[in-house]
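**Q** So the protein lines, in turn, are chains A and B. When the letters of the first sequence are read in order and numbered with the numbering used here, they come out as residues 1 to 177. When the letters of the second sequence are read in order and numbered with the numbering used here, they come out as residues 1001 to 1177. Beta carbons: idealized from backbone N, C-alpha and C, even for Gly.
Number of protein chains: 2
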Amino acid sequence: MCENAGMDDVRWLNDDELKAWTRLVAVVELLPGVLDSQLRRDSRLTNYEYFVMARLSEAPGMVLRMSELAARTNATLPRLSHVVRRMEERGLVERRPCPEDARATNAYLTDRGWATIQEAAPAHVENVRRHVFDALTPQQVGQLTAIADALLEKLDPDGLIAVRTADVRTGRPVERD
Amino acid sequence: MCENAGMDDVRWLNDDELKAWTRLVAVVELLPGVLDSQLRRDSRLTNYEYFVMARLSEAPGMVLRMSELAARTNATLPRLSHVVRRMEERGLVERRPCPEDARATNAYLTDRGWATIQEAAPAHVENVRRHVFDALTPQQVGQLTAIADALLEKLDPDGLIAVRTADVRTGRPVERD
DNA sequence: GCACATTGGTTGACGCAACAACTTATGCGG
DNA sequence: CCGCATAAGTTGTTGCGTCAACCAATGTGC
């Protein structure tokens, strides 16, 4: 029925692409769960919460504006706002108005937050290694970087959200994630 | 403080791995949103709902046991159960007890469901192509398949959930996803 | 300096996913 | 066949993410 609906010039996926797509979708579906469950079990943390603290911990003064923190954690502002509120209630971070711009809010990593992520880091990194990098050759690691980079260019063209800036290698204390 | 807690033999990530990890996390975070928002906007469907119908549509008779469908969509049974209930209320699928095993439930794709996915497919595939495969060289597509395959071996060792079986290329009608 | 758009951020409502508890049916050992 | 373990699904609760609405502060044109 209705053989074409004005958009029959669809560029369908060929066999190779279909295979890659199936695998990619599976990874995207399964990876978050693997990360979350380990962190939840061992450290009462979400993967995203860990990520937030990791970004804060490597920022000078362990402070970042909310919008900057959102960008560095690949999240929207509302999402971050909710997460930070919950984390603040647990004493992991602290929010204070920004002196230079009264609209802005600064998020600080507290001592308790710093201690928490330090304790959580080893097991988390070990988990990442076991589930990801133990499976890849050094060559594949390079390929993965190039591929993910290419995808990010399409997924977040203007770099509005994504963390292509993660080269900001502050040689600060720990490098766990 | 407390320099080692009995687990200081952590295999931290080196620079290359860290770079790859940052990119991969960003992709995993951003990709679902890109897929969901297009399907929600154009077809009132979740990406996962689309995936469910796609798997059903390529099954013989457009029927699958719930547990089999869950495995093929990389999901847990509770998750699928909720989703299918909602889809049934919208007339996209139908649930009927399995004759051979009274415990089991068969999920059927309805005519309405079939029509829905046929309408949704072109725009969805176009979206996938624009955000993913347009960014990759044919060589990278192959690399991605190998990498994702290696990861899946670690993420789902026993193949309990993942779709390594997606080579079941039923040359059926459409191949959209 | 005064409208007005824009930026930065928060809040509330709603939807979906994870987890645990529960129900029912099957299979198996004796 | 009877008791028990296991398999297949469903359901309820709880927590997180998204979206839209909102508020406050900044800046900009005139």
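What three-state label does DSSP hand Pro-1078(B) in the structure shown?
**A** In this structure, Pro-1078(B) counts as helix in the three-state DSSP scheme.
**Q** Rounding to the nearest angstrom, what Cα-Cα distance links Glu-17(A) and Leu-77(A) in this structure?
**A** Approximately 34 Å between the Cα atoms of the pair.
**Q** Select from Asp-1015(B), Arg-1085(B) and Trp-1114(B) the residue whose C-alpha is nearest the C-alpha of Ala-1059(B).
**A** The residue with the shortest Cα to Cα distance from Ala-1059(B) is Trp-1114(B).
**Q** Just the C-alpha distance for Thr-70(A) and Leu-80(A), rounded to the nearest angstrom, thanks.
**A** First, the amino acid is wrong: residue 70(A) is Ala here, not Thr. The alpha-carbon atoms of Ala-70(A) and Leu-80(A) are separated by roughly 6 Å.
**Q** Using a Cβ-Cβ distance under 7 Å, would Leu-31(A) count as near chain B?
**A** For Leu-31(A), the answer is yes, since a Cβ of chain B falls inside 7 Å of its Cβ.
**Q** Just how far apart, CA to CA, sit Met-1001(B) and Gln-118(A)?
**A** Reliability fails at Met-1001(B), whose pLDDT of 47 lies under 50, so the model's placement of it is uncertain and no value is given.
**Q** In the DSSP assignment, what residue or residues form a beta bridge with Tyr-1108(B)?
**A** Note: Tyr-1108(B) sits in a beta bridge opposite Val-1063(B) and Glu-1094(B).
**Q** To the nearest angstrom, how far is the alpha carbon of Lys-154(A) from that of Ala-1135(B)?
**A** Whole-angstrom Cα-Cα distance: 7 Å.
**Q** Would you mind working out which of Asp-9(A), Asn-106(A), Arg-85(A) and Gly-142(A) sits nearest Asp-1015(B), comparing C-alpha positions?
**A** Checking every option, the nearest Cα to that of Asp-1015(B) belongs to Gly-142(A).
**Q** Using a Cβ-Cβ distance under 7 Å, would Glu-1058(B) count as near chain A?
**A** Answer no: the Cβ-Cβ gap between Glu-1058(B) and chain A never drops below 7 Å.
**Q** Sort Val-1128(B), Arg-1011(B) and Tyr-1050(B) by Cα distance to Leu-13(A) and report the nearest one.
**A** The candidate whose alpha carbon is nearest that of Leu-13(A) is Val-1128(B).
**Q** When you compare the CB of His-131(A) with every CB in chain B, is at least one pair closer than 7 Å?
**A** Interface residue, yes.
**Q** At a Cβ threshold of 7 Å, is Arg-1096(B) touching chain A?
**A** Judged by the 7 Å Cβ criterion, Arg-1096(B) is not in contact with chain A.
**Q** Check whether the Cβ atoms of Leu-1152(B) and Ala-26(A) sit closer than 7 Å, and answer yes or no.
**A** Yes; because the gap between Cβ atoms is below 7 Å, this pair is in contact.
**Q** Under DSSP, the alpha helix (DSSP H) around Phe-51(A) begins and ends at which residues?
**A** Start and end: 47-57.
**Q** Just to check, is the beta-carbon of Thr-105(A) closer than 6 Å to a non-hydrogen atom of the ligand ATP?
**A** This structure lacks the ligand ATP; in fact it carries no ligand of any kind.
**Q** Tell me the residue span of the alpha helix (DSSP H) that contains Trp-21(A).
**A** Trp-21(A) -> alpha helix (DSSP H) spans 15-43.
**Q** In this structure, how does DSSP classify Glu-1089(B) when only helix, strand and coil are distinguished?
**A** Helix.
**Q** Let me check understanding here. Comparing Cα to Cα, which of Gly-91(A), Glu-126(A) and Asp-149(A) lies closest to Leu-1010(B)?
**A** This sequence places Val at residue 1010(B); Leu is not what is there. The candidate whose alpha carbon is nearest that of Val-1010(B) is Glu-126(A).
**Q** Look up Trp-1114(B) in the DSSP assignment and say whether it is helix, strand or coil.
**A** Note: Trp-1114(B) maps to helix in three-state DSSP.
**Q** Going by other Cβ atoms of all chains shown within 10 Å of its Cβ, with 16 needed for buried, is Thr-1186(B) buried or exposed?
**A** It is not possible to answer for residue 1186(B), since the shown part of chain B is limited to 1001 through 1177.
**Q** If you check the beta carbons only, do Ala-1148(B) and Leu-31(A) fall under 7 Å apart?
**A** Contact flag unset, no.
**Q** Taking a Cβ distance cut-off of 8 Å, strictly less, list which residues of the region 138-157 of chain A are near chain B, in chain order.
**A** Listed in sequence order: Pro-138, Gln-140, Val-141, Gly-142, Gln-143, Leu-144, Thr-145, Ala-146, Ile-147, Ala-148, Asp-149, Ala-150, Leu-151, Leu-152, Glu-153, Lys-154, Leu-155 and Asp-156.
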